[in-house]
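Residue numbers (our numbering), protein chains in the order written: chain C, 148 to 490; chain Y, 4 to 184; chain P, 514 to 1294.
Where is the CB? At the ideal position from N, CA and C, for every residue including glycine.
This structure is a prediction, so every number in the text was calculated from the model and none was measured.
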Amino acid sequence: MNRFSWASARTISEAAAATSMTVADAMKAAPDAANGRETSVVKAGGIDLLDLLKENLLAPTKVVSLRDIAGLTIIAEQTGGLRIGSMVTLANAAVHPLVRQRYPALADALQSSASPQIRNVATLGGNLLQRPRCWYFRAAEYHCLRKGGGHCFAISGENQYHAIFDNQSCAIVHPSTAATALVALGATLELANSEGMTRNLLLEDFFVSPDRDLQRENDLNPQEILTAILLPALPASLRMAHLKQGEKDSFDWPLADVAVGLDLVSDRTCRGAAIILGAAAPVPHRAKAAEKIIVGRRVDDASAAEAAHAALNGATPLTKNAYKLPLFETLVRRAILKAAIHQ
Amino acid sequence: MIETASAIIGAVEAKEADSASVVGPDLAPISLRVNGVVRLVQIEPRMTLAEALRGPLGLTGTKIACNRGACSACTVWLDGATVCACMMLAIEVGTRSVTTIEGLATGDKLHPVQTAFIVHDALQCGFCTPGMVMSCAALLEHKSDPTADDVNAAISGHFCRCGTYPHVVSATLAAASARKA
Amino acid sequence: MAIDATTRTEKFPYGIASVGLGEVERQIPVEEPSPLPPNAVLTVIGKPVPRQNGRAKVTGATRFTVDIALPGMLHGRILRAPLPHAEVRTIDSTAAARHPGVRAIIPIATPGDPATAIVRYIGAPIVAVAAVSMAAAEEALHDIRVDYKPLPFVVDMDKAREPTSPAVYDSASAPKGHVSGFPAAAGLPLNGNVRGPATDVRGDPVQGFAQADAVVEGEFRTQVQTHCCLEPHAIVADWRADGLTVYMSTQFTAGVRHELAETFGLPLNSVRVIVDGMGGGFGSKSSLGTYGRVAVALSRQAHAPVRIILDRKEEQMDAGNRPGTWQRLRIGAKRDGALTAISLVSYGTAGVTVGAGIGNVAQAMYACANFQASQHDVFINAGPGCAMRAPGNTPGAWAVEQAIDELAERLSIDPLALRDRIDLSPVRREERRIGAERIGWQQRHAPGTDPGPIKRGLGVAQSLWGAHVQINCACEVRIMRDGSVEVLSGVQDIGTGIGTVMAQVAAEVLGLHIEKITVRIGDTEFPGGPPSYGSRTTASITPAVRTAASRVLQSLLREAALALNAAPDDLVARDGRILVRHDLSRSMSFAEAAGRLRTDRTSAVASRSDDYAGFRQRMEDAAIARQDLGGVQFAAVAVDTETGIIRVERVVAVQDCGRPMNPLLIESQVQGGVLMGTSYALFEERILDQHTGRMVNPNLEQYKLAGPRETPAIDVVVLENYQGQSATDAYGIAEPASIATAPAIANAVYNAIGVRLRSLPITPAAVLAALGKVPSGNSRT
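Here it is in structure tokens:
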């Protein structure tokens, strides 16, 4: 790690003002702090940040902690839904009674992430903003497209864990498992800047796909802090499930994860659906064709299978990740049935 | 030289109360409450808790094996919750309480998990053992009657090359029973 | 027959306890102790005694090499090659030398030096520095300017075999092998990157195949696996005017001591190697290594202790690995199962070095008059391989045990029945019998017949491992005047708990409670110990402990005899007392007897004698016993055919190790072997990017290892197999316990889904592909 100075912000404005640039921008800046430029970034749980620092992918001159800012660790009901402060740890969110009762699929997604030790420290905000796990991206020796270089090493290289959609320029998968569930349940984000102005937007719209900008994964502005994740009130008729499949169950990133939300009437006819694929694309991938098939149908083995098959429409697997197609198809089908029938 | 720990702590806390006061990048004194004792230590902001424990604090029981939070060998308790000390900066611990493997026994009296590990041979080379013990002991603080699945969940972040997982599970379940008895 | 005054005749227990014990007569050296009875009648040996160093380990008190900090100690770091193949043209360390924290710089690659100027893998060491802090050392490395001339490289073994491939070596620079045959034979031809073949022929394989009623043939692949020791490679070197002391995470204190003496021109008596806690080796920490040599050189230059600890990337890229292999195996048999011919062709890669042989499973496990093997090393520009837990036999068994399984199906013979027919080992026969019952082999169904997406299956595989013995090793046992006892040897505990086993032996001989025995190991100040590789530690050192303890007991009994008015031969040591055998009322405590010693302590040193009936093979300081070690493992798996996920639900491991010394520690070893085998089967792979030659997963996150949730239920059964070959008749188990797991899993997967997976690791991607579920082409409309 490079040498950096440390400060602990007491207010959101202070934190926002203290961050000269986003981590994404900072990673494109020369890693040599000796050129005199001050770069400061914020630190939430620090799990992703410390990894980037230890890999010398990031060399800020200053790190500003968000830990002492009041109000960011609160989980509270809000207009029938739930407000989760961005500094709430994955562990605390996963076990919170209101999360478990009202958004059990989110609790599942959180509980399946990482390890107990990581969950005790990693924050939900940090989890959503973390940078990709692509092993070329994570190695300073590869100056890849996403870091401002000229080439994506994964497309012609080791891409077994990479995207099967939207992968023609940069093949990362979005690394947040929680995001898959949050997009499915229509979460919004609250962001605040140094003047105290806030903006809200749908999480789904916050992610940036490579064709818009392949050097960042999200719409966070410099001098802006993610302050809360807002979960809408869900109708009683909404059923959700999240499934994650790692190569192993003990502490692994997903090969594939799926979040399904189904608005069902009493005979299990679906009148609304969200089918989101994680670890499939650079952003959480909405399987629109699958949603179209299941809406209006009674959910059963046949309709679930049909929707699951359609979920992979448009997939463009790379040389080593075509196995994700049958894997996702299975997970989508099982998640649909779990949401509808086995709850 | 340290006059009294409390005087220095007071000074450090007062410093922290200044407007977003900046520490480092050079060495700066911080106080850390480790195993019930407040210790003063010189750290750079970039120093991890694991490095601070193993270096200036002389507590080498906490091991660094991967230095990326992927193996959990460096597990300590932070206010009773398990964390990877290699993924925590010493400077951010603040007033929270750190418990390391050295702080688990009470004098000569081993923690029930430690005793059970010995009896059930839940260790081999011993390098992953301190972290493993901390995770299993933490589990028993929160669950007096864990199942094997609970133990596996608690140690799911741990990597042991020698292959102690089966005995770790039986030892932890035995320790839980012994505690209840 | 002439009477030999140097030997005497003794009867030893012989055979497998669960089958029925008999006796065997041996001529043993007169100074050897009497035959040790079977475990059932012993007090401490063969009992599940907890580790003596357990308390230190569970409290974090054990000092591993990474924990050692000497006064004035410097921190060493190594600059490593960023290119897979390059000529080092210039190295400019002047800026690093000027860094205020730097105290020494040692070049490793020297421009212009034909032996070192070419680096051949990413991570190859270039130059080392020692500085006052890790941060200063890192900064200094950053200041070193190296000019590389890139050279063409190859990292794919198949491509490296092609005649047009970039060459890793020319014939002058290529590794030459060794006359011992380890890690590879000397004098083999080199064609491009392919060295070999090393050939082996027995009988007439051509005829054998012609006579066969059935022939199975298959191609198998195994991946490169890295050791992933939890404690990285580490050394603290303290060069002083009066001698060199080295603390090292090593599997062989005595060997490192010799290497240091030779490398630095020092007499043995001024070199000391010490290890207390040792965080895993698995074959990767058997020698001094470049990092070790460099740490000593830095210490000498800096006149200060130097510690080098490899970080996890260095561990993954340059601390050794299990070579990957491609094998074509052909087996021919008669209708009744008798084997008529075995033919094996293998290509393996140990990166820039040699040693990718696949061992002797195909040659030695089953009776077959006609055999041929043709093995090759293939050089690629990747980190050098080295021994890793059961080298050679592990990839070898992967192929053989699947081929035998396939043969059984072809002949419509049960796989166990086939092995009963062709496997001459009575030990493995008994292991098969016990294991089959435990796993419920009778319930095994035809392949792929479970309905539904989750399909279960049972599989079996066997392991074979030479019983290695280190002849050059010794132990000292001391009795103090207060009756306390010390056992001393340079042997190291790499996680097996050998110190406890040694204490058990001494306690048994001396009739003491084990807590009275203090064991001091891991220091070359003590009598030289065996290496802890090859699963030879227990076999090598425990007889020496018993012999030394028996000898020192004699000196004590001589004192006690005077006091008890008996002859020394009339006395026994038991329950902390010395008693007259035929009149137990005449006795004294062990401590009382010790109090009569002439001096503060009395001691005896003993070394490992030859096996009483001789060895099968002898190589300088080491030997291989007449009887192999082995085991039979059964796996029960559940395959999710819709996700490709394999769950190993249960493994029954039936193993042998001569006389089991401590069933508690042995169970841990076997579980560890099964877990390593499971991990090898399903998850692990060193992955190299073809375009840049770099390992893309040099960490413990994307290099995947079995964790708690991947752990099967493991049933361990250990036979007592007495052979009457030494003072303890004990042998090792670590490697035999890790060989059979992967092929047992593969055979179980075949039984579950009716499709055979021949390449490691068996990932979900591989399973789905084998089931025909992965689309080819790159789009889906």
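(message) For ARG36 of chain Y, would you say it is in contact with chain C, using Cβ-to-Cβ distances shorter than 8 Å as the test?
(response) no
(request) Hey, could you find the ends of the alpha helix (DSSP H) ASP195 of chain C is sitting in? (result) 194-201
(message) Between which residues of its own chain and ASN1078 of chain P is the CB-CB distance below 8 Å, once the five residues before and five after are set aside?
(response) ARG1099
(request) Using 10 angstroms around the beta-carbon of VAL865 of chain P, count the other beta-carbons present and answer buried if the total reaches 16, otherwise exposed. (result) buried
(message) Rounded to the nearest angstrom, what separates ALA617 of chain P and LEU1023 of chain P at their Cα positions?
(response) 52 Å
(request) Report yes if the C-beta distance between ALA403 of chain C and ALA426 of chain C is below 8 Å; otherwise report no. (result) yes
(request) Flag this pair as yes or no: are the beta carbons of GLY61 of chain Y and MET90 of chain Y separated by less than 8 Å? (result) no
(request) Anything in the stretch 1276-1291 of chain P with a Cβ closer than 9 Å to a Cβ of chain C? List those residues in chain order, please. (result) THR1276, PRO1277, ALA1278, ALA1279, VAL1280, LEU1281, ALA1282, LEU1284, LYS1286, VAL1287, PRO1288, SER1289, GLY1290 and ASN1291
(request) Work out the CA separation of ALA680 of chain P and ALA434 of chain C for me, nearest whole Å. (result) 48 Å
(request) Please state whether DSSP places ASN340 of chain C in a helix, a strand or coil. (result) strand
(message) Give the list of continuous alpha helix (DSSP H) stretches no shorter than 4 residues that lie fully inside the stretch 284-363 of chain C.
(response) 324-331 and 350-353
(message) Can you tell me which residues form a DSSP beta bridge with GLY97 of chain Y?
(response) DSSP, once it has assigned bridges, lists no residue as partnering GLY97 of chain Y.
(request) Inspect the beta-carbon positions of PHE130 of chain Y and LEU1178 of chain P and report whether they are closer than 8 Å. (result) no
(message) When you compare the CB of PRO473 of chain C with every CB in chain P, is at least one pair closer than 8 Å?
(response) yes
(request) Return yes when at least one heavy atom of the ligand SAH lies under 7 Å from the C-beta of GLY796 of chain P, else no. (result) The ligand SAH is absent from the structure shown, which contains no ligands of any kind.
(message) Is there a C-beta anywhere in chain B that falls below 8 Å from the one on LYS847 of chain P?
(response) As a matter of chain content, chain B is missing from the structure shown, whose protein chains are C, Y and P.
(request) May I ask you to report which of helix, strand or coil DSSP gives LEU487 of chain P? (result) In the structure displayed, chain P extends from 514 to 1294; residue 487 of chain P sits before or after that span and is not available.
(message) For GLY589 of chain P and ARG820 of chain P, which I take to be in contact (beta-carbon distance under 8 Å), what is that distance rounded to the nearest angstrom?
(response) 7 Å
(request) Note down, in chain order, each residue of its chain lying with its Cβ closer than 8 Å to the Cβ of VAL412 of chain C, except the 5 sequence neighbours on either side. (result) SER384 and ARG418
(message) Given a cut-off of 8 Å on the beta-carbon distance, is the pair GLU1155 of chain P and THR477 of chain C in contact?
(response) yes
(message) Can you check whether the C-beta of LEU1221 of chain P is within less than 8 Å of a C-beta belonging to chain C?
(response) Residue identity differs from the one stated: residue 1221 of chain P is Pro in this sequence, not Leu. Output row for PRO1221 of chain P: interface = yes.
(message) Quick check on PRO133 of chain Y: buried or exposed, where buried means 16 or more other Cβ atoms within 10 Å of its Cβ?
(response) buried
(request) Note down, one range per segment and in chain order, each alpha helix (DSSP H) of at least 4 residues found wholly within the stretch 695-773 of chain P. (result) 718-723
(message) I need the boundaries of the alpha helix (DSSP H) containing CYS139 of chain Y, first residue and last residue.
(response) 132-145
(request) Determine, using beta carbons only, whether GLU54 of chain Y comes closer than 8 Å to chain C. (result) no
(message) What does the alpha-carbon distance come out to for the pair ALA180 of chain C and VAL707 of chain P?
(response) Because ALA180 of chain C sits at a pLDDT of 46, beneath the cut-off of 50, its placement in the model cannot be relied upon, and the following sentence gives the value as read from the coordinates. Computed Cα separation, rounded: 47 Å.
(message) If distances are taken between C-alpha atoms only, which option among P:ARG539, P:ILE1054, P:ARG602 and P:ASP626 comes closest to GLY1010 of chain P?
(response) P:ILE1054
(request) Evaluate ALA594 of chain P with the Cβ neighbour count: other Cβ atoms within 10 Å of its Cβ, from every protein chain shown; 16 or more gives buried, anything less gives exposed. (result) buried
(request) Note down, in chain order, every chain P residue with its Cβ under 7 Å from the Cβ of GLU305 of chain C. (result) ILE1200, ASP1202 and VAL1209
(message) Mapping the DSSP letters down to three states, classify ASP366 of chain C as helix, strand or coil.
(response) coil
(request) Measure the CB-CB distance between ALA157 of chain Y and CYS128 of chain Y and report whether it falls below 8 Å. (result) no
(request) Can you tell me which of the three DSSP states ALA180 of chain C falls into? (result) Only weak support exists for where ALA180 of chain C lies, its pLDDT of 46 falling under 50; the value from the coordinates is given anyway. Helix at ALA180 of chain C.
(request) Label VAL171 of chain Y either buried or exposed according to how many other C-beta atoms from any shown protein chain fall within 10 Å of its C-beta, with 16 as the threshold for buried. (result) buried
(request) Provide the residue span of the alpha helix (DSSP H) that contains PHE884 of chain P, from first to last. (result) First-last for PHE884 of chain P: 884-891, but that is the beta strand (DSSP E), not the alpha helix (DSSP H).
(request) Run the CB neighbour count on ILE440 of chain C, radius 10 Å, all protein chains shown included, and call it buried at 16 or more, exposed below. (result) buried
(message) I'd like to know whether the C-beta of ALA181 of chain C is nearer than 8 Å to at least one C-beta of chain Y.
(response) Residue confidence is low: ALA181 of chain C scores 47 on pLDDT, short of 50, so the model does not pin down where it sits. Its coordinate-derived value is still stated next. Not an interface residue.
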